[in-house]
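**Student:** Residue numbers (our numbering), protein chains in the order written: chain A, 294 to 682; chain B, 21 to 311. The C-beta atom is built at its ideal place from N, Cα and C for all residues, glycine as well. So that we are looking at the same thing, I have put the structure below in structure tokens.
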Amino acid sequence: MPHRALALFAATALTVTLTACTAEGGGGTDGGLVGEGTGEDCTIGSPVPVGAALSLTGAAGSYGESQQKGLELAAEQLNAQGGVEYELTVEDDQTDPRQGIAVFEQLTAEDGASVIIGPTLSTGAFQAQPIAQEEGVPVLAISNTVDGITAQGDYIFRDSLTESQVIPRTVAAAKAEYGLEKVVVMYANDDALAEAGGEVFAGALDAEGIDVADTLTFSVADTDFRALLTEAKAADPDALVVSSLIEAAIPLVTQARELGIDVPIIGGNGFNNPKLMADAGDAAEGVVVGAAWNSESESPENTAFLADFEEKNGTQPDQFAAQAYTGLMLIDQAVRSSCSGERDAIKEGLGAIEGVPTVLGELTINDERDAEHEAVVQVVEDGKFAVLE
Amino acid sequence: MQQLLNGLFIGSIYALFAVGFALVFGILDRLNLAHPAVFAASAFIGIELVTVGGLPFWAALPAVAVVGALLGLIVERVAFRPLKGRPDAHFAGLISSIAVAGMLIALLQWRYGAETRRFPADAFPATRFDVLGAQVTLLQVVIVAVCLTLVVGLTWLVARSRLGRGMRAVAENPTAARVLGVNVDRVTATTFAISAALGAVAGALFAMNVNSAQLGMGSAIELKGLAVIVVGGMGSLPGALVGGLLLGVSEVFAVQYLGSAWRDLIAFALLFGILLLRPQGLFGGRRARQV
């Protein structure tokens with residue numbers, strides 16, 4: 294086994310060196326990317342190359358597919374608007390961090406992207422982002438929720454809210470709605486995302502003065518939760534608070550209902566997936582999840598987005614599509630602010646975004662290069678996410 | 021009480037899986053490591069039969085058993101029969117069955133992708149019973165009933181039927197059996213088919229029980245299945261049944277009293293303890309194997 298790991302490492306290192314060599318002189322920073330005019334009137338001669346590293350296949354494939362649809366819709370609309378043209382290149386990282394590194398290499402060097410969108414998962418982001426940071430290519434994360442993503446460098450931005458921005462609001466809203474006094478917390482303790490979520494939940498519950506009767510941990514690979522849930526049931530909680538990825542969330546929710554646990558189940562961002570209702574069916578009713586996008590929002594941006602997305606794809610968008618769509622819109626905002634599609638100009642532009650009306654609400658990029666906007670708390674009702682007021 | 025039932029439900033699936041394992045091992049003296057791959061494959065195939073084929077779960081289960089039996093025949097033909105004449109046939113078969121398992125999993129990934137798959141939410145009525153304060157679903161009752169019926173039926177088959185006599189004759193001495201007019205090849209193939217059919221049903225029930233089927237589900241249960249047949253006594257069918265239930269119950273109590281991280285430890289602690297105290301297993305005869 295160590296030999297295989299070594300060989301793989303050597304192969305990766307070789308690829309990296311090779312692509313690094315071909316990178317000389319590349320980089321999409323020729324003069325054609327600087328245009329004339331400002332804002333709405335900005336006109337740029339050459340198309341602005343935008344790269345996207347998404348997980349189109351593999352475990353996160355359902356998220357990536359949705360993101361691609363959001364990006365393509367945004368690109369289509371922006372290009373129709375005229376003045377600045379965007380050349381969108383979408384590459385698949387196969388939900389594999391190593392593949393993500395290769396994709397970032399390709400986008401920065403060969404394709405000479407002015408800005409990179411993605412990757413889909415935080416785990417992949419931590420591995421791939423340093424490549425862009427080193428080359429001075431701005432990165433806009435559109436779905437990563439772990440703290441510290443943007444701390445990797447001053448070229449890394451995101452338009453997705455972190456768990457610590459969403460969870461406290463979720464807990465507060467659930468307390469107001471259900472009068473929670475005592476809960477049981479369950480989280481996967483061998484996955485960075487789920488464990489971090491569990492800790493944020495613990496802090497938020499403490500701040501709200503909600504008693505944690507028991508904290509139960511499991512493994513991300515678990516599929517049989519009956520023993521743990523029986524224990525949770527014995528504590529007679531007002532709600533279950535669960536931080537896990539969607540893979541474990543579905544059997545957990547189903548089995549909880551089978552065991553007669555009918556209290557609300559409050560989930561982290563991992564639960565934020567229409568697959569929950571599709572695969573868990575009636576068991577998903579009463580699941581409470583915080584989200585970064587309010588599908589019911591009646592803002593003009595959102596109303597138009599819902600209609601356009603449905604017309605183009607024949608389906609309703611989800612949060613990942615909305616965040617991806619917003620991502621390209623923000624990049625357009627950044628490009629037009631100084632009327633330049635060059636890397637450093639986009640970086641400056643993204644950092645200056647403040648109070649921009651988007652599908653997600655009024656959005657500001659703060660000093661930590663994280664997004665700030667309204668979060669929303671949803672509850673599953675009749676097989677759909679409804680807003681919990 | 022609820023925990024005891026939880027343990028019995030998961031344990032009966034372990035038992036069904038292990039009985040298939042034990043059948044080939046006890047009678048043919050072959051360790052078929054493609055068994056877990058058949059377990060995983062049948063879960064995915066079962067899901068496809070229900071979602072795409074539109075079969076109700078009741079009909080899908082026998083269908084899965086048939087598919088499993090076919091897979092078993094393929095495994096026997098590809099991994100074991102070409103090697104049977106070799107002096108190291110036991111070991112060679114073990115290795116080649118690992119290869120077949122790898123191929124099966126790769127085919128599954130090609131066909132279904134790496135994503136977790138599930139039975140549709142309404143594939144089975146969500147009827148619940150209240151038994152002495154514990155919640156039991158209709159599905160769980162069905163699982164235990166199916167497992168017990170199959171295991172008892174198999175034990176009867178081996179002990180009483182003509183095919184069973186053939187199997188026992190082959191187990192005793194293949195050459196002598198052949199001399200006495202037993203079609204050894206056919207008995208061997210049938211044994212593999214029955215074994216794989218049981219593993220297949222276990223796979224479909226497991227996926228239904230925990231509401232998910234993953235490519236890795238076979239390897240997760242593989243070592244547990246081995247532990248069960250060692251605990252129960254190598255090749256003993258009632259031993260595999262009791263061992264499976266014992267493992268299921270002890271896992272559940274390990275989760276309750278020690279935490280979920282200890283779940284897998286318990287299978288191997290049980291294995292270790294039994295090997296120390298009673299190396300022939302709970303139901304194993306004191307038969308020394310000659311090498």
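Which residues bound the alpha helix (DSSP H) around R182 of chain B?
**Tutor:** Numbered from its first residue, the second sequence carries residue 182 of chain B at position 162. Where R182 of chain B is concerned, the enclosing alpha helix (DSSP H) stretches over R182 to E192.
**Student:** Between V251 of chain B and chain A, is any beta-carbon pair separated by less than 7 Å?
**Tutor:** Along the second sequence, one-based indexing puts residue 251 of chain B at 231. Answer no: the Cβ-Cβ gap between V251 of chain B and chain A never drops below 7 Å.
**Student:** So the candidates are A:A406, A:Q399, A:I639 and A:D385; which of them puts its Cα closest to the Cα of T413 of chain A?
**Tutor:** Along the first sequence, read from residue 1 onward, the residue named residue 413 of chain A stands at position 120. Checked all of A:A406, A:Q399, A:I639 and A:D385; the closest Cα to T413 of chain A is A:D385.
**Student:** In the DSSP assignment, find the unbroken beta strand (DSSP E) run with V250 of chain A in it and report its ends.
**Tutor:** Here chain A covers residues 294 to 682 and nothing more, so residue 250 of chain A does not appear.
**Student:** Starting from the beta carbon of E135 of chain B, find every residue of chain C whose beta carbon is closer than 7 Å, and list them in chain order.
**Tutor:** The structure shown contains no chain C; its protein chains are A and B.
**Student:** What does a CB cutoff of less than 6 Å around A191 of chain B pick up in its chain, not counting 5 residues either side in sequence?
**Tutor:** Residue numbering aside, residue 191 of chain B sits at position 171 when the second sequence is read from its first letter. For A191 of chain B, where only same-chain residues beyond five positions count, the Cβ hits under 6 Å are I47.
**Student:** If you measure from the beta carbon of A485 of chain A to each beta carbon in chain B, is any gap under 7 Å?
**Tutor:** Counted from its first residue, the first sequence places residue 485 of chain A at position 192. False, the Cβ-Cβ gap to chain B never drops below 7 Å.
**Student:** I'd like to know if F613 of chain A contacts chain B, where contact means its C-beta is closer than 7 Å to some C-beta of that chain.
**Tutor:** One-based indexing of the first sequence puts residue 613 of chain A at position 320. Chain B, which has no Cβ nearer than 7 Å to the Cβ of F613 of chain A, makes this no.
**Student:** Cβ closer than 9 Å: which chain B residues qualify as neighbours of L433 of chain A?
**Tutor:** Looking up residue 433 of chain A in the first sequence gives position 140. Ordered by position in chain B, no residue passes the 9 Å Cβ test against L433 of chain A, which lies about 27 Å from the chain.
**Student:** Using DSSP's beta-bridge definition, name the partner residues of P342 of chain A.
**Tutor:** Along the first sequence, read from residue 1 onward, the residue named residue 342 of chain A stands at position 49. P342 of chain A is bridged to A:E380.
**Student:** Between A287 of chain B and chain A, is the shortest Cβ-Cβ distance under 7 Å, so that the two count as touching?
**Tutor:** To locate residue 287 of chain B, count along the second sequence from 1; it is residue 267. Output row for A287 of chain B: interface = no.
**Student:** Restricting to runs no shorter than 4 residues, where is the alpha helix (DSSP H) found entirely within the stretch 68-98 of chain B?
**Tutor:** Runs found: 77-95.
**Student:** Do you know how far the Cα of E635 of chain A is from the Cα of L400 of chain A?
**Tutor:** To locate residue 400 of chain A, count along the first sequence from 1; it is residue 107. To locate residue 635 of chain A, count along the first sequence from 1; it is residue 342. The straight-line gap from Cα to Cα measures roughly 15 Å.
**Student:** Decide if E317 of chain A is buried, meaning its Cβ has at least 16 other Cβ atoms within 10 Å, or exposed.
**Tutor:** For the purposes of this step, residue 317 of chain A is taken as the residue at position 24 of the first sequence. Unreliable placement is indicated for E317 of chain A, whose pLDDT of 37 sits below 50; no coordinate value is reported for it.
**Student:** What does the Cβ neighbour count give for F288 of chain B, buried or exposed, with the cut at 16 atoms within 10 Å?
**Tutor:** For this step, residue 288 of chain B is matched to residue 268 along the second sequence. So F288 of chain B counts as exposed.
**Student:** Using the DSSP secondary-structure output, state which residues sit across from D385 of chain A in a beta bridge.
**Tutor:** Counting from 1 along the first sequence, the entry for residue 385 of chain A is found at position 92. D385 of chain A is bridged to A:L347.
**Student:** Three Cβ pairs or more, each shorter than 8 Å: is that satisfied between the stretch 401-409 of chain A and the stretch 334-343 of chain A?
**Tutor:** Yes: at least three Cβ pairs fall under 8 Å.
**Student:** Let me check understanding here. Comparing Cα to Cα, which of B:L257, B:A38 and B:G27 lies closest to T175 of chain B?
**Tutor:** Translated into the one-based positions of the second sequence, residue 175 of chain B becomes position 155. The residue with the shortest Cα to Cα distance from T175 of chain B is B:L257.
**Student:** Please classify S537 of chain A as buried or exposed, where buried requires at least 16 neighbouring CB atoms within 10 angstroms.
**Tutor:** The sequence position of residue 537 of chain A within the first sequence is 244, counting from 1. S537 of chain A is buried by the Cβ-count criterion.
**Student:** Let me see if you follow: with CB-CB separation under 7 Å, is L349 of chain A close to chain B or not?
**Tutor:** On the first sequence, position 56 is the one that residue 349 of chain A refers to. Judged by the 7 Å Cβ criterion, L349 of chain A is not in contact with chain B.
**Student:** Under the DSSP definition of a beta bridge, which residues are partnered with V672 of chain A?
**Tutor:** Position 379 of the first sequence, counted from the start, is the residue given in the question as residue 672 of chain A. Paired residues: A:V581 and A:A679.
**Student:** Return no unless some Cβ of chain A is closer than 7 Å to the Cβ of Q22 of chain B.
**Tutor:** Looking up residue 22 of chain B in the second sequence gives position 2. Judged by the 7 Å Cβ criterion, Q22 of chain B is in contact with chain A.
**Student:** For the candidate residues A:A368, A:Q626, A:A528 and A:A668, whose alpha-carbon lies nearest to that of A565 of chain A?
**Tutor:** Along the first sequence, read from residue 1 onward, the residue named residue 565 of chain A stands at position 272. Here the sequence assigns Asn to residue 565 of chain A, which means Ala is not the residue at that position. Of the listed residues, the one whose Cα sits closest to N565 of chain A is A:A668.
**Student:** Would you grab the beta carbon distance between G579 of chain A and V672 of chain A for me? Rounded to a whole angstrom, and I think it's under 8 Å.
**Tutor:** Reading the first sequence from its first residue, position 286 is the one you call residue 579 of chain A. Reading the first sequence from its first residue, position 379 is the one you call residue 672 of chain A. Yes, they are in contact, since the Cβ atoms of G579 of chain A and V672 of chain A sit about 7 Å apart, within 8 Å.
**Student:** Is A352 of chain A helix, strand or coil when you go by DSSP?
**Tutor:** As a working mapping, residue 352 of chain A is identified with position 59 in the first sequence. Coil.
**Student:** Just how far apart, CA to CA, sit G648 of chain A and V581 of chain A?
**Tutor:** Against the first sequence, residue 648 of chain A aligns to sequence position 355. Against the first sequence, residue 581 of chain A aligns to sequence position 288. Using only the alpha carbons, I get a separation of about 28 Å.
**Student:** Beta carbons nearer than 8 Å to chain B: which residues of the stretch 647-672 of chain A have them?
**Tutor:** The residues in question: there are none.
**Student:** Taking 6 Å as the line, does the beta carbon of A571 of chain A fall inside it for any heavy atom of the ligand GDP?
**Tutor:** As far as ligands go, the structure on display features none, and thus does not contain the ligand GDP.
**Student:** Among residues of its own chain, excluding the 5 on either side of R106 of chain B, which ones have a beta-carbon nearer than 7 Å to its beta-carbon?
**Tutor:** Stepping through the second sequence from its first residue, residue 106 of chain B is reached at position 86. So the list reads A112, once near-sequence residues are dropped.
**Student:** F329 of chain B: which of B:G279, B:L285, B:V250 and B:V269 sits nearest, CA to CA?
**Tutor:** Residue 329 of chain B cannot be examined here, being either before or after the span of chain B that is shown, 21 to 311.
**Student:** Between I294 of chain B and A209 of chain B, what straight-line distance do the alpha-carbon atoms span, to the nearest angstrom?
**Tutor:** Sequence index remark: in the second sequence, residue 294 of chain B carries index 274 (1-based). Sequence index remark: in the second sequence, residue 209 of chain B carries index 189 (1-based). Rounded to whole angstroms, I294 of chain B to A209 of chain B spans 32 Å at the Cα level.
**Student:** Could you tell me how far apart the beta carbons of P610 of chain A and G354 of chain A are, in whole angstroms, since I believe they sit closer than 8 Å?
**Tutor:** Within the first sequence, the letter at position 317 stands for residue 610 of chain A. Within the first sequence, the letter at position 61 stands for residue 354 of chain A. Actually they are not in contact, since the Cβ atoms of P610 of chain A and G354 of chain A sit about 17 Å apart, beyond 8 Å.
**Student:** Please classify F613 of chain A as buried or exposed, where buried requires at least 16 other C-beta atoms within 10 Å of its C-beta.
**Tutor:** For the purposes of this step, residue 613 of chain A is identified with residue 320 of the first sequence, where counting begins at 1. The residue is buried, with at least 16 neighbouring Cβ atoms inside 10 Å.
**Student:** What are the boundary residues of the alpha helix (DSSP H) that includes G560 of chain A?
**Tutor:** As a position in the first sequence, residue 560 of chain A is number 267, starting the count at 1. Taken as a continuous stretch (DSSP letters only), G560 of chain A belongs to no alpha helix (DSSP H), being part of the beta strand (DSSP E) at I558 to G560.
**Student:** For F678 of chain A and chain B, any beta-carbon pair shorter than 7 Å?
**Tutor:** Here the question's residue 678 of chain A lines up with position 385 in the first sequence. Cβ-Cβ to chain B under 7 Å: no for F678 of chain A.
**Student:** Hey, G642 of chain A and A627 of chain A are a contact pair by Cβ (cut 8 Å); roughly how many whole angstroms apart?
**Tutor:** For the purposes of this step, residue 642 of chain A is taken as the residue at position 349 of the first sequence. For the purposes of this step, residue 627 of chain A is taken as the residue at position 334 of the first sequence. About 3 Å; that satisfies the 8 Å criterion.
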